[in-house]
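Peer 1:
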Amino acid sequence: MAHIDLGNELPGIRGPMAFRPETARPLNELAEILLRDDNNTLSRGERELIGAYVSYLNDCFFCQNVHGGLAQHYLGCDMQYIDAVKQNPAAAPLSEKLKALLVIAGKVQQSGRAVSPENIEKARSEGATDREIHDTVLIAAAFCMYNRYVDGLGTWAPEDRQYYINRAPLRAAEGYIDFDLYK
Amino acid sequence: MAHIKVPEGVPGIRSLVLFRPETGKPLYELAQVLLRGESPLTQGERELIAAYVSSRNECGFCMNSHAAAARCLYGDEKDVVDATLKDVSKAPVSEKMKALLNIAGKVQILGKEVSPEDIGKARAQGANDREIHDTVLIAATFCMFNRYVDGLASWTPEDPAVYEEMGRRMAKGYVLPTLQ
Chain A
1 MAHIDLGNEL PGIRGPMAFR PETARPLNEL AEILLRDDNN TLSRGERELI GAYVSYLNDC
61 FFCQNVHGGL AQHYLGCDMQ YIDAVKQNPA AAPLSEKLKA LLVIAGKVQQ SGRAVSPENI
121 EKARSEGATD REIHDTVLIA AAFCMYNRYV DGLGTWAPED RQYYINRAPL RAAEGYIDFD
181 LYK
Chain B
1001 MAHIKVPEGV PGIRSLVLFR PETGKPLYEL AQVLLRGESP LTQGERELIA AYVSSRNECG
1061 FCMNSHAAAA RCLYGDEKDV VDATLKDVSK APVSEKMKAL LNIAGKVQIL GKEVSPEDIG
1121 KARAQGANDR EIHDTVLIAA TFCMFNRYVD GLASWTPEDP AVYEEMGRRM AKGYVLPTLQ
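These protein sequence lines map, in sequence, to chains A and B. Sequential numbering of the first sequence, starting at 1, is according to the numbering used here. Sequential numbering of the second sequence, starting at 1001, is according to the numbering used here.
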């Protein structure tokens, strides 16, 4: 049970979003532009993977499964692959650029101040642009918010990981704005 | 110097949202609704939570700017701000506010750190669901803003006068900056 009476039985972030739609709107707009907008040189799958990785580091079950499910959907891979990336991105079959961006995301998860010029230089040498570095930092920072919102209010999350896999195509199709929180 | 090429001479988050206004828009909207919108917590109290979390994250830019905004909003009681940032337990704020700051401090560590006892204590001091919700989301949001500002090494001015002016502007509300 959540720490406060949300007035609904919705899982994860949808509970507090329905409780307080005024703040839900910019939270969802941010997710839409950062994760789903196609005017981006990082693919949707790569961006969702960054979100899932940071949520894993923050030990947020709901977010790592929602966004891991979406990454899986976009990348056309299986759950084992997503889990392997989360647990050890350096050893996973990813591009060197994405590995370097995940290192930056992992630093941001600890603290903004943990990101070093060497981390940035490494990403740049693997071909990352300023926009890609910017978006990586902001995605990682945003998940440090979403994860804390979800767990700080003690929201509930379905335990069956297949639940998230099954819902991913719907979220991919509808996006993060203009969807019914209750469906 | 910032890690990426942002407009020169523009401090903190302002330089970052000028670099990428598309994401800047919802970020400023979130700050406005959360810190200036309707809430049972005063605007000063909300800025104080923001400054407190930023201080715990050691984000100088966000701490100094939101502390300045909080001082503006607290007016004659502005000393509350620095006393709180120095030591919450000795600060001249209500027991309810202390309990909410305790929750904000837990959120700063990690969402899962917030215990039913933390919530129970805030409730015993009269905090309602909306106040607890807003406290958690403000704390979570500043865990994002702080990481955004420092993760890209944006410019943090050192002159206190710069923050005083910033605080006066922020007290009026959050408007997405545009290049002059």
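Using N, Cα and C, we set each Cβ at its ideal position, and we do this for glycine too.
Can you tell me the Cα-Cα spacing of Ala1050(B) and His1066(B), whole angstroms?
Peer 2: Here residue 1050(B) refers to the residue found at position 50 when the second sequence is read from its first residue. Here residue 1066(B) refers to the residue found at position 66 when the second sequence is read from its first residue. If I take the Cα positions, the gap works out to 7 Å.
Peer 1: Counting contacts by CB-CB distance shorter than 9 Å, is Val1010(B) in contact with chain A?
Peer 2: Counting from 1 along the second sequence, the entry for residue 1010(B) is found at position 10. No, no contact with chain A.
Peer 1: What is the residue span of the alpha helix (DSSP H) that Glu29(A) lies within?
Peer 2: Along the first sequence, read from residue 1 onward, the residue named residue 29(A) stands at position 29. First-last of the alpha helix (DSSP H) with Glu29(A): 21–31.
Peer 1: Going along chain A in order, which residues have a C-beta closer than 7 Å to the C-beta of Met1144(B)?
Peer 2: Here the question's residue 1144(B) lines up with position 144 in the second sequence. In chain order: Ala141, Ala142, Cys144, Met145.
Peer 1: So with Cβ pairs under 9 Å, would you call Val150(A) a contact of chain B?
Peer 2: Stepping through the first sequence from its first residue, residue 150(A) is reached at position 150. So yes, Val150(A) belongs to the interface.
Peer 1: For a cutoff of 9 Å on Cβ pairs, would you count Phe179(A) as touching chain B?
Peer 2: Here residue 179(A) corresponds to residue number 179 of the first sequence, with the count starting at 1. Not closer than 9 Å to any Cβ of chain B, the Cβ of Phe179(A) fails to qualify, so no.
Peer 1: For Val1107(B), return the contacting residues in chain A, with the cut-off set at a CB-CB distance below 7 Å.
Peer 2: Reading the second sequence from its first residue, position 107 is the one you call residue 1107(B). The answer, in chain order, is Arg148, Gly152.
Peer 1: Give a yes or no on whether the minimum CB-CB distance between Ser125(A) and chain B is below 9 Å.
Peer 2: On the first sequence, residue 125(A) is found 125 positions in, with the first residue counted as 1. Chain B, which has no Cβ nearer than 9 Å to the Cβ of Ser125(A), makes this no.
Peer 1: Spatial neighbours of Cys1072(B) within its chain, please: CB distance less than 6 Å, with the 5 preceding and 5 following residues excluded, ordered by chain position.
Peer 2: Numbered from its first residue, the second sequence carries residue 1072(B) at position 72. Counting only Cβ-Cβ distances below 6 Å, and skipping sequence neighbours, we find Gly1167, Arg1168, Ala1171.
Peer 1: Give every residue of the same chain whose Cβ lies closer than 8 Å to the Cβ of Leu1018(B), excluding the five residues on either side of it in the sequence, and list them in chain order.
Peer 2: Counted from its first residue, the second sequence places residue 1018(B) at position 18. Around Leu1018(B): Val1006, Pro1007, Val1010, Gly1024, Pro1177, Thr1178, Leu1179.
Peer 1: What does the Cβ neighbour count give for Lys1096(B), buried or exposed, with the cut at 16 atoms within 10 Å?
Peer 2: Counting from one through the second sequence, the residue named residue 1096(B) turns up at place 96. Result: buried.
Peer 1: Considering only residues of the same chain and omitting the five flanking positions on each side of Arg171(A), which have a CB-CB separation below 7 Å?
Peer 2: For the purposes of this step, residue 171(A) is identified with residue 171 of the first sequence, where counting begins at 1. Closer than 7 Å at the Cβ level, and outside the excluded window around Arg171(A), lie Leu70.
Peer 1: Could you compute how far the alpha carbon of Tyr56(A) sits from the alpha carbon of Tyr163(A)?
Peer 2: The residue given as residue 56(A) occupies position 56 in the first sequence. The residue given as residue 163(A) occupies position 163 in the first sequence. Cα to Cα, Tyr56(A) sits roughly 17 Å from Tyr163(A).
Peer 1: Using a cut-off of 7 Å between C-beta atoms, extract the partners of Phe1061(B) located in chain A.
Peer 2: Here residue 1061(B) is taken as the residue at index 61 of the second sequence, counted from 1. Under the 7 Å cutoff, chain A gives no residues; its nearest Cβ is about 10 Å from Phe1061(B).
Peer 1: Assuming Pro11(A) contacts Pro117(A) under a Cβ cut-off of 8 Å, what Cβ separation, rounded to an integer in Å, is found between them?
Peer 2: Start at 1 with the first residue of the first sequence, and residue 11(A) comes out as number 11. Start at 1 with the first residue of the first sequence, and residue 117(A) comes out as number 117. No, Pro11(A) and Pro117(A) are not in contact; Cβ-Cβ is about 41 Å, not under 8 Å.
Peer 1: Relative to the C-alpha of Cys77(A), which candidate in Leu181(A), Leu94(A), Ile133(A), Asp135(A) has its C-alpha closest?
Peer 2: Position 77 of the first sequence, counted from the first residue, corresponds to residue 77(A). For the residues Leu181(A), Leu94(A), Ile133(A), Asp135(A), the minimum Cα distance to Cys77(A) belongs to Leu94(A).
Peer 1: What are the residues in the stretch 1023–1034 of chain B lying within 7 Å of chain A by C-beta distance?
Peer 2: Taking 7 Å as the cut-off between beta carbons, the residues of the stretch 1023–1034 of chain B near chain A are Thr1023, Pro1026, Leu1027, Glu1029, Leu1030, Val1033, Leu1034, in sequence order.
Peer 1: Using only alpha-carbon positions, find the residue among Tyr176(A), Tyr182(A), Glu22(A) that is nearest to Ala31(A).
Peer 2: Position 31 of the first sequence holds residue 31(A). Measuring from the Cα of Ala31(A), the nearest candidate turns out to be Tyr176(A).
Peer 1: Using a Cβ cut-off of 7 Å, which residues of the stretch 69–93 of chain A contact any Cβ in chain B, in chain order?
Peer 2: none
Peer 1: Less than 7 Å between C-beta atoms, sequence neighbours within five positions excluded: which residues of the same chain meet that for Pro1040(B)?
Peer 2: Counting from 1 along the second sequence, the entry for residue 1040(B) is found at position 40. Closer than 7 Å at Cβ, skipping near neighbours: Asn1128, Arg1130, Glu1131.
Peer 1: For Glu1058(B), which residues in chain A fall below 8 Å Cβ to Cβ?
Peer 2: Residue 1058(B) sits at position 58 when you count from the first residue of the second sequence. Ser111, Arg113, listed in chain order.
Peer 1: Could you have a look at Lys122(A) and say whether DSSP puts it in helix, strand or coil?
Peer 2: In the first sequence, counting from the first residue as 1, residue 122(A) sits at position 122. Correct three-state label for Lys122(A): helix.
Peer 1: Where in the stretch 1018–1059 of chain B do unbroken runs of the alpha helix (DSSP H), each at least 4 residues long, occur, reported from the N-terminal end onward?
Peer 2: 1021–1035, 1043–1056
Peer 1: So the candidates are Asn1064(B), Gln1032(B), Gly1120(B), Leu1048(B); which of them puts its Cα closest to the Cα of Val1149(B)?
Peer 2: By one-based count along the second sequence, residue 1149(B) stands at place 149. Of Asn1064(B), Gln1032(B), Gly1120(B), Leu1048(B), the residue nearest in Cα terms is Asn1064(B).
Peer 1: Cα separation between Asn1146(B) and Arg1123(B)?
Peer 2: Your numbering for residue 1146(B) matches position 146 in the second sequence. Your numbering for residue 1123(B) matches position 123 in the second sequence. For Asn1146(B) and Arg1123(B), the distance between alpha carbons rounds to 28 Å.
Peer 1: Roughly how many whole angstroms lie between the Cα atoms of Gly106(A) and Leu1152(B)?
Peer 2: Translated into positions along the first sequence, residue 106(A) becomes position 106. Translated into positions along the second sequence, residue 1152(B) becomes position 152. Rounded to whole angstroms, Gly106(A) to Leu1152(B) spans 14 Å at the Cα level.
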